[in-house]
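Student:
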Amino acid sequence: MTTTGIRLHAPAAGWSIAADVVVVGSGVAGLTAALRCEAAGLRTVVVTKARLDDGSTRWAQGGIAAALGEGDTPEQHLDDTLVAGAGLCDEDAVRLLVTEGPDAVRRLIETGARFDESSEGDLELTREGGHHRRRIAHAGGDATGAEISRALVEAVRARGVRTVENALVLDLLTDAEGRTAGVTLHVMGEGQHDGVGAVHAPAVVLATGGMGQVFSATTNPSVSTGDGVALALRAGAEVSDLEFVQFHPTVLFLGPDAEGQQPLVSEAVRGEGAHLIDADGVRFMVGQHELAELAPRDIVAKGILRRMLEQDAEHMYLDGRHFGAQMWEHRFPTILAACRAHGIDPVTDPIPVAPAAHYASGGVRTDSHGRTTVPGLYACGEVACTGVHGANRLASNSLLEGLVYAERIADDIVASGLPARVPQPVPHPEIPEHPLQTPEARFAIQRIMTGGAGVLRSAGSLAKAADQLQRLHTDAREALAEHGKTAEAGVDTWEATNLLCVARVLVAAALLREETRGCHWREDRPERDDAAWRRHIVVTLNPDRTLAVHTTDTTHFPTTLPPQAPQEQ
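With the first letter of the sequence shown counted as 1, position 505 gets the number 506 in my numbering; the numbers rise by one all the way through.
(1) Leaving out five residues before and five after Gln289 in sequence, what residues of the same chain have Cβ atoms less than 8 angstroms from its Cβ?
(2) In this structure, how does DSSP classify Asp320 when only helix, strand and coil are distinguished?
(3) Report the three-state DSSP secondary structure of Ala1 (helix, strand or coil).
(4) Are the CB atoms of Pro75 and Ala68 within a distance shorter than 7 angstroms?
(5) Going by C-alpha distance, which of His133, His139 and Gly31 is nearest Glu125?
(6) In whole angstroms, what is the alpha-carbon distance linking Ile432 and Ala490?
(7) Here's the rule: buried if 16 or more other CB atoms are within 10 angstroms of the residue's CB, otherwise exposed. What is Val283?
(8) Which first and last residues belong to the alpha helix (DSSP H) in which Ile352 is found?
(9) Would you list the residues sitting across from Phe248 in a DSSP beta bridge?
(10) Nearest-angstrom Cα distance between Arg135 and Leu79?
(11) For the stretch 420–496, which segments carrying the alpha helix (DSSP H) assignment without a break, of at least 4 residues, lie completely within its bounds, in sequence order?
(12) Looking at Leu470 and Ala442, is the spacing between their C-beta atoms short of 7 angstroms?
(13) Hey, could you find the ends of the beta strand (DSSP E) Thr33 is sitting in?
(14) Do Thr367 and Thr387 have their beta-carbon atoms positioned less than 7 angstroms apart in this structure?
(15) Identify whether Thr82 lies in helix, strand or coil by the three-state DSSP scheme.
(16) Between Leu89 and Val540, what straight-line distance do the alpha-carbon atoms span, to the nearest angstrom?
(17) With 7 angstroms set as the bound, which would you pick, yes or no: does the beta-carbon of Gln425 sit closer than that to a beta-carbon of chain D?
(18) To the nearest angstrom, report how far apart Ala466 and Ala509 are at their CA atoms.
(19) On the three-state DSSP scale, how would you describe Ala566?
(20) Can you give the beta carbon distance from Leu457 to Glu524, rounded, assuming they're within the 8 angstroms contact cut?
(21) Ile65 bridges to which residues according to DSSP?
(22) Buried or exposed: which applies to Gly211, given that a residue is buried once 16 or more other Cβ atoms fall within 10 Å of its Cβ?
(23) How would you call Leu310, buried or exposed, if buried means at least 16 neighbouring beta carbons within 10 angstroms?
(24) If we count the other Cβ atoms within 10 Å of its Cβ and call it buried at 16 or more, is Pro12 buried or exposed?
(25) Can you name the start and end residues of the beta strand (DSSP E) that Arg163 belongs to?
(26) Determine, using beta-carbon pairs with one atom in the stretch 346–360 and one in the stretch 315–325, whether at least three such pairs fall under 8 angstroms.
(27) Return the chain-ordered list of same chain residues with a C-beta closer than 6 angstroms to the C-beta of Val423, the five sequence neighbours on each side being excluded.
(28) For Gln262, which residues does DSSP report across the bridge?
(29) According to DSSP, Thr185 sits in a beta bridge with which residue or residues?
(30) So is Ala236 buried or exposed if we call it buried at 16+ other beta carbons inside 10 Å?
(31) Which residue wins for smallest C-alpha separation from Arg298, given the options Pro103, Trp16 and Ser397?
(32) Quick check on the burial criterion: 16 or more other C-beta atoms within 10 angstroms. Buried or exposed for Arg472?
(33) Kindly list the residues whose CB is nearer than 6 angstroms to the CB of Ile110, restricted to its own chain and excluding five residues on each side of it in sequence; keep chain order.
(34) For Ala411, which residues of its own chain have a beta-carbon under 6 angstroms away from its beta-carbon, when the five flanking residues on both sides are left out?
(35) Determine whether the beta carbon atoms of Ala533 and Glu244 lie at a separation below 7 angstroms.
(36) For the beta strand (DSSP E) that Ala364 lies in, which residues bound it at each end?
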């Protein structure tokens, strides 16, 4: 395995921690992996960009999907997932998800997560888009992610897992053989550690969440800047399917110039019977799909966009007035409060909605044990591409994927054995390898991506976006080469640099995939082309910072690494 040698420009580490495993991220994937590693006796450190309870998981409203209801089966869950994935799911990966999922949810409940129950004491299950069964377990009505986060955070604290909060991970450390040796990170603010430091460990688990901040309007929190994907690329890992960004169909419309994180109106609202309507009250999804408003998300998002284009409208409406006040207050209290905070009362008025960036179906390529193409580096949750989601994630499969694959990662780390000594990382180069973007570049990237690589894409829009992104990249490189100058190292510049990295990969893959499939909608290539494109696009970063792009031969990913033999202690 060849590393790129590319690292972010940053001060040298001023402190270090030794561990067996470092988990980067504190959502359902990261904390599940950490708890399982800690339970096996491994020295485990959790690094998280904000507070421990402030990961992307807490924003999940809908729930977690698993075949837990009477009459439901993993096979039915598999079928719905494969349909939503538009021919690009790795069926073996999906089968692992749906068969191991129910027991993983039960273990989550044993950890302390409290899901909503019926009066008989059974799990209260609902439906969401693409599901033919009621199989979505939820908590607090529409606060499932917050409840899962609460339970896992309490368990982590109760078990004394070491944590480093408010820390932005920078780069992967590797030893002389190219194996993982830990990470560098920057702690924001004062505390036990501050400034740039390192966690030295032979196993690193990336659970950093998504990259929604690459677009102007997103449901993702401000910390979702693609840090894990960018780190993996600089470390030489393969990234796949980044063109498949899911735009959630129903995000509260706050105006054409709204930027940053937007309030989500969960798919569960449609699952309980809310209707999509235009300004004239017409249910425009009826007749477009057998499930109407409950079609897979890509179909609903496209239906909304088409109607907006037909009527020259900025948004459509979600109508749940027939629910009544009691149901809104009991089943969807979070959404009700968010709408009212913006002057909209769903009890009496339809909710203005429009699609916004929501979830990255692609990410760092892994195998069935979460192993990447870099020895010792694992990935799970939204940062990973396991093959489960294909071209379009099925609603509420994300929390389940994070849960199931985090458990599989922990089990693989334990089974593979760890070296008796913490590996020694190769020293950082004295000359900065990677020029940094200015803080202002973040907004430029978001405008470029929203205009050229949003829900509607074409060869022209993508080529223009690619040129604009390349100019940002080239300008920074030339400033460093000619004048020895780069933007001052700091959180804003590191985040902007990571955003540019993942944006370039996304646009390159979207430009190459000349078809419409799942949540990748090419206006100039409106048909799905299985003969040419029923395969994955894989991207790596070359040492000269150019992108190397190739496709797989089939929908199955080639192996990442051979199983590692246990090492002598």
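Cβ atoms here follow ideal geometry from the backbone N, Cα and C, with glycine treated the same way. Here the structure is a predicted model, which is why all the values come from computation and not from measurement.
Tutor: In brief:
(1) Position 288 of the sequence shown, counting from 1, holds the residue named residue 289. Counting only Cβ-Cβ distances below 8 angstroms, and skipping sequence neighbours, we find Ala296, Ile300 and Gly304.
(2) For the purposes of this step, residue 320 is taken as residue 319 along the sequence shown, with counting starting at 1. If DSSP states are grouped into helix, strand and coil, Asp320 belongs with the strands.
(3) There is no way to answer for residue 1, as the model of the chain reaches only from 2 to 570.
(4) In the sequence shown, residue 68 corresponds to position 67, counting from 1. In the sequence shown, residue 75 corresponds to position 74, counting from 1. It is a contact, given that the beta carbons lie within the stated cut-off.
(5) In the sequence shown, the residue the question calls residue 125 occupies position 124. The residue with the shortest Cα to Cα distance from Glu125 is His139.
(6) To locate residue 432, count along the sequence shown from 1; it is residue 431. To locate residue 490, count along the sequence shown from 1; it is residue 489. Legend: pLDDT at Ile432 = 49, less than 50; position of this residue unreliable, value from coordinates given subsequently. So the two alpha carbons sit approximately 14 angstroms from each other.
(7) Position 282 of the sequence shown, counted from the first residue, corresponds to residue 283. Result: exposed.
(8) Position 351 of the sequence shown holds residue 352. Taken as a continuous stretch (DSSP letters only), Ile352 belongs to no alpha helix (DSSP H), being part of the beta strand (DSSP E) at Ile352 to Ala361.
(9) Residue numbering aside, residue 248 sits at position 247 when the sequence shown is read from its first letter. Bridge partners of Phe248: Ala358.
(10) Looking up residue 135 in the sequence shown gives position 134. Looking up residue 79 in the sequence shown gives position 78. For Arg135 and Leu79, the distance between alpha carbons rounds to 14 angstroms.
(11) 442–453 and 460–484
(12) Counting from one through the sequence shown, the residue named residue 442 turns up at place 441. Counting from one through the sequence shown, the residue named residue 470 turns up at place 469. No, they are not a contact pair.
(13) On the sequence shown, residue 33 is found 32 positions in, with the first residue counted as 1. Thr33 -> not in any beta strand (DSSP E); alpha helix (DSSP H) instead, spanning Val29 to Ala40.
(14) Taking the first residue of the sequence shown as position 1, residue 387 is located at position 386. Taking the first residue of the sequence shown as position 1, residue 367 is located at position 366. Taking 7 angstroms as the Cβ cut-off, Thr387 and Thr367 qualify as a contacting pair.
(15) Position 81 of the sequence shown holds residue 82. Thr82: helix per DSSP, three-state reduction.
(16) Taking the sequence shown and counting its residues from 1, the one referred to as residue 89 is at position 88. Taking the sequence shown and counting its residues from 1, the one referred to as residue 540 is at position 539. Rounded to the nearest angstrom, the two C-alpha atoms are 17 angstroms apart.
(17) Within the model displayed, chain D is absent; a lone protein chain is all it includes.
(18) Here the question's residue 466 lines up with position 465 in the sequence shown. Here the question's residue 509 lines up with position 508 in the sequence shown. Going from the Cα of Ala466 to the Cα of Ala509 covers about 10 angstroms.
(19) Numbered from its first residue, the sequence shown carries residue 566 at position 565. Because the pLDDT of Ala566 is 38, which lies under 50, any placement of that residue in the model is unreliable, and the question is left without a value.
(20) Position 456 of the sequence shown, counted from the start, is the residue given in the question as residue 457. Position 523 of the sequence shown, counted from the start, is the residue given in the question as residue 524. Yes, Leu457 and Glu524 are in contact; Cβ-Cβ is about 6 angstroms, under 8 angstroms.
(21) Within the sequence shown, the letter at position 64 stands for residue 65. Ile65 pairs with Ala138.
(22) Translated into positions along the sequence shown, residue 211 becomes position 210. Per the 10 Å Cβ criterion, buried.
(23) Here residue 310 corresponds to residue number 309 of the sequence shown, with the count starting at 1. Exposed, by the Cβ-count rule.
(24) Start at 1 with the first residue of the sequence shown, and residue 12 comes out as number 11. Burial call: exposed.
(25) Against the sequence shown, residue 163 aligns to sequence position 162. It spans Arg163 to Val165 - the beta strand (DSSP E) in which Arg163 sits, taken as one unbroken run.
(26) yes
(27) For the purposes of this step, residue 423 is taken as the residue at position 422 of the sequence shown. Once the five neighbours on either side are set aside, the close Cβ partners of Val423 are Ala19 and His201.
(28) Working through the sequence shown from its first residue, we reach residue 262 at position 261. In DSSP, Gln262 forms a bridge with Thr219.
(29) Within the sequence shown, residue 185 is the residue found at index 184, counting from 1. Ala199, per the DSSP bridge assignment.
(30) Indexing the sequence shown from 1 puts residue 236 at position 235. Classification of Ala236: buried, given that the 10 Å Cβ count is 16 or more.
(31) Here residue 298 is taken as the residue at index 297 of the sequence shown, counted from 1. Considering only alpha carbons, the answer is Ser397.
(32) Within the sequence shown, residue 472 is the residue found at index 471, counting from 1. Exposed, by the Cβ-count rule.
(33) Reading the sequence shown from its first residue, position 109 is the one you call residue 110. Counting only Cβ-Cβ distances below 6 angstroms, and skipping sequence neighbours, we find nothing.
(34) To locate residue 411, count along the sequence shown from 1; it is residue 410. For Ala411, where only same-chain residues beyond five positions count, the Cβ hits under 6 angstroms are Ala34, Arg37 and Cys38.
(35) Within the sequence shown, numbered from 1, the residue matching residue 533 stands at position 532. Within the sequence shown, numbered from 1, the residue matching residue 244 stands at position 243. No, the pair does not count as a contact, with Cβ atoms beyond the cut-off.
(36) Here residue 364 refers to the residue found at position 363 of the sequence shown. The displayed chain sequence assigns Gly, not Ala, to residue 364. Element bounds for Gly364: Gly364 to Arg366.
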